[in-house]
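Student: Protein chains in written order, with our numbering: chain W, 3 to 219; chain Y, 3 to 219. So that we are looking at the same thing, I have put the structure below in structure tokens.
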């Protein structure tokens, strides 16, 4: 069955790979699955046809036969459960990999998104300068224990898993802030993720779209 | 095998059920599973024994034989995958229920937690009054499409699922703000969740701990 995902017609990051379709592309590449991409404009994302797929009007979505999913975490889990390459075989190790997926999205990502809020969404507000270090400290409060748990391991729990895929994707957002480089073992962990051929293919595919001229009309 | 979870020795909310162990208790009650609770103090949560279970030094954790998990979403998923009561039988419907679990934790909860930041964590800052309506609008930007998708349904996608369990738990945090009551269908949805006997038992169990005198020592 054909897998179709959606992505921004033009990503707000201009092709740096931070849009969430990159996470899904990466998972599909790790699993060796071909997929098609339907590009959506900012306007189309808020229209009924797309809202039927994604009630919050975002990307990516995932369609496979009768099944339609949204939420990157759920899509990556769906792929990981059905194909080799993203979960260990042992049931307990698999449950721990899922734990790291949720840790990436529910524990580590929220303060990182607050950093986007303070810098961009509220970048013109008078409290920006005073709030920034507070929010940065909240990010460090997640990175410190994460670095402690990673130790000198290559990945969070044995071999590479969907938990690492999401954690690396979340940490990648931090690079422009300089915070990631305060934690050399985490910076190296992210670099290991980026070096994977599946990530490289995913990154190149989203870049090709964002580097191409916009379709006329 | 005995299931043991951890919970606050004394919850910051004094027993209102907002600590995340309530979510896990609720899932265990829906599945009809007995469980034991180990209480941890704020100090013990940051010590090595607990950090071995939960690298970020939080509650709840979940132990079952050789398996140790953290992250509420992961624990609820683990329970739902192995026991009746939290997932539909159909594979596609199950994938959609998982999508709602991630939507609750990664799309709806982050702006709700920002509300806690603006009111409590940064409650003494000069920008509180001006930031509060901005953050409230971000919460509404999630509740509007959520209410649209729920429509006049009892639950988000057919029967009650682990997706509803987490979404109701996340929305419950909003009640003191008054924002939930701006969306009568969501307030009724939350009330339906709270009325479930399994939720009632979970709530009573955490309240009993928080209403009891602290152990001496």
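Backbone N, C-alpha and C fix where the C-beta goes; we use that ideal spot for every residue, glycine too.
If the cut is a Cβ gap below 8 Å, which residues of chain W does residue 23/Y touch?
Tutor: Walking along the second chain from the start, residue 23/Y turns up at place 21. Residues of chain W passing the Cβ test: none, with the nearest at roughly 15 Å.
Student: Using a Cβ distance threshold of 8 Å, determine whether the stretch 173 to 190 of chain W contacts the stretch 142 to 157 of chain W, with at least three qualifying pairs required.
Tutor: Output reads yes: the stretch 142 to 157 of chain W touches the stretch 173 to 190 of chain W.
Student: Give the straight-line distance between the Cα atoms of residue 162/Y and residue 67/Y, rounded to the nearest whole angstrom.
Tutor: Within the second chain, numbered from 1, the residue matching residue 162/Y stands at position 160. Within the second chain, numbered from 1, the residue matching residue 67/Y stands at position 65. Rounded to the nearest angstrom, the two C-alpha atoms are 29 Å apart.
Student: Do the CB positions of residue 95/W and residue 80/Y come within less than 7 Å of each other?
Tutor: Start at 1 with the first residue of the first chain, and residue 95/W comes out as number 93. Start at 1 with the first residue of the second chain, and residue 80/Y comes out as number 78. Going by C-beta atoms, residue 95/W is not nearer than 7 Å to residue 80/Y.
Student: Taking residue 151/W as the query, report the chain Y residues whose CB atoms sit under 9 Å from its CB, ordered along the chain.
Tutor: Here residue 151/W is taken as the residue at index 149 of the first chain, counted from 1. Under the 9 Å cutoff, chain Y gives 53, 57, 58.
Student: When the Cβ atoms of the stretch 119 to 135 of chain Y are set against those of the stretch 61 to 78 of chain Y, are three or more pairs found closer than 8 Å?
Tutor: Short answer: they don't touch.
Student: Using DSSP's beta-bridge definition, name the partner residues of residue 72/W.
Tutor: Numbered from 1 along the first chain, position 70 holds the residue referred to as residue 72/W. Residue 72/W pairs with 63/W.
Student: Going along the stretch 68 to 94 of chain W in order, which residues come within less than 7 Å of chain Y, judged by CB to CB distance?
Tutor: The stretch 68 to 94 of chain W vs chain Y, Cβ under 7 Å: 68, 69, 71, 72, 73, 75, 76, 79, 80, 94.
Student: Note down the Cα distance separating residue 197/Y from residue 53/W, rounded to an integer number of angstroms.
Tutor: Residue numbering aside, residue 197/Y sits at position 195 when the second chain is read from its first letter. Residue numbering aside, residue 53/W sits at position 51 when the first chain is read from its first letter. The alpha-carbon atoms of residue 197/Y and residue 53/W are separated by roughly 30 Å.
Student: Taking the beta strand (DSSP E) that residue 9/Y falls in, what are its first and last residues?
Tutor: On the second chain, position 7 is the one that residue 9/Y refers to. It spans 5 to 10 - the beta strand (DSSP E) in which residue 9/Y sits, taken as one unbroken run.
Student: So, does the CB of residue 223/Y fall closer than 7 Å to a CB anywhere in chain W?
Tutor: Given a span of 3 to 219 for chain Y in the structure shown, any question on residue 223/Y remains unanswerable.
Student: Span of the alpha helix (DSSP H) holding residue 20/Y?
Tutor: Along the second chain, one-based indexing puts residue 20/Y at 18. No alpha helix (DSSP H) holds residue 20/Y; DSSP gives it neither H nor E.
Student: Say whether chain W places a C-beta atom closer than 7 Å to the C-beta of residue 207/Y.
Tutor: Numbered from its first residue, the second chain carries residue 207/Y at position 205. It does not; no Cβ of chain W falls within 7 Å.
Student: Identify, in the order they occur along the chain, each residue of the same chain with its Cβ nearer than 8 Å to the Cβ of residue 83/Y, setting aside the five sequence neighbours on each side.
Tutor: Taking the second chain and counting its residues from 1, the one referred to as residue 83/Y is at position 81. Excluding positions up to five away in sequence, the list reads 89.
Student: Check this for me: beta carbons of residue 39/Y and residue 61/Y, under 7 Å apart or not?
Tutor: Position 37 of the second chain, counted from the start, is the residue given in the question as residue 39/Y. Position 59 of the second chain, counted from the start, is the residue given in the question as residue 61/Y. Cβ atoms of residue 39/Y and residue 61/Y: not closer than 7 Å.
Student: In three-state DSSP terms, what is residue 40/W?
Tutor: Here residue 40/W refers to the residue found at position 38 of the first chain. In this structure, residue 40/W counts as strand in the three-state DSSP scheme.
Student: So which of 49/Y, 176/Y, 13/Y, 166/Y has the shortest CA-CA distance to residue 141/Y?
Tutor: Residue 141/Y sits at position 139 when you count from the first residue of the second chain. The candidate whose alpha carbon is nearest that of residue 141/Y is 176/Y.
Student: Establish whether the CB of residue 61/Y and some CB of chain W are separated by less than 7 Å.
Tutor: One-based indexing of the second chain puts residue 61/Y at position 59. No, residue 61/Y lies away from the interface with chain W (no Cβ there is under 7 Å from its Cβ).
Student: On a Cα-Cα basis, can you pick out the residue from 27/Y, 4/Y, 3/Y that is closest to residue 208/Y?
Tutor: One-based indexing of the second chain puts residue 208/Y at position 206. Comparing Cα positions, the closest option is 27/Y.
Student: Check residue 198/Y in the structure and name its three-state DSSP category.
Tutor: Position 196 of the second chain holds residue 198/Y. Residue 198/Y: coil per DSSP, three-state reduction.
Student: Start and end of the alpha helix (DSSP H) containing residue 171/Y?
Tutor: Mapped onto the second chain, residue 171/Y falls at position 169. Element bounds for residue 171/Y: 164 to 174.
Student: If you run the structure through DSSP and keep just helix, strand and coil, what is residue 205/Y?
Tutor: To locate residue 205/Y, count along the second chain from 1; it is residue 203. Note: residue 205/Y maps to helix in three-state DSSP.
Student: Less than 7 Å between CB atoms is the rule here; does residue 100/W satisfy it with respect to chain Y?
Tutor: The sequence position of residue 100/W within the first chain is 98, counting from 1. Interface residue, yes.
Student: Residues in its own chain within less than 8 Å of residue 118/W by CB, not counting five upstream and five downstream?
Tutor: Counted from its first residue, the first chain places residue 118/W at position 116. Around residue 118/W: 175.
Student: For residue 25/Y and residue 193/Y, I'd like the C-alpha separation in whole angstroms.
Tutor: Translated into positions along the second chain, residue 25/Y becomes position 23. Translated into positions along the second chain, residue 193/Y becomes position 191. For residue 25/Y and residue 193/Y, the distance between alpha carbons rounds to 15 Å.
Student: Tell me, please, whether the CB atom of residue 135/Y is closer than 7 Å to any CB atom in chain W?
Tutor: By 1-based counting over the second chain, the position of residue 135/Y is 133. It does not: the Cβ of residue 135/Y has no partner Cβ on chain W nearer than 7 Å.
Student: For residue 14/Y and chain W, any beta-carbon pair shorter than 7 Å?
Tutor: Locating residue 14/Y in the second chain gives position 12, where the first residue counts as 1. Judged by the 7 Å Cβ criterion, residue 14/Y is not in contact with chain W.
Student: Would you check if the distance between the CB atom of residue 108/W and the CB atom of residue 216/Y is smaller than 7 Å?
Tutor: For this step, residue 108/W is matched to residue 106 along the first chain. For this step, residue 216/Y is matched to residue 214 along the second chain. No, they are not a contact pair.
Student: Give me the residue from 210/Y, 211/Y, 158/Y, 203/Y with the minimum Cα distance to residue 35/Y.
Tutor: Translated into positions along the second chain, residue 35/Y becomes position 33. When each option's Cα is compared against that of residue 35/Y, the closest is 203/Y.
Student: Would a C-beta distance cut-off of 7 Å place residue 9/W and residue 41/W closer than the cut-off?
Tutor: As a first step, residue 9/W must be located in the first chain, where it is residue number 7. As a first step, residue 41/W must be located in the first chain, where it is residue number 39. Yes, the pair counts as a contact, with Cβ atoms nearer than the cut-off.
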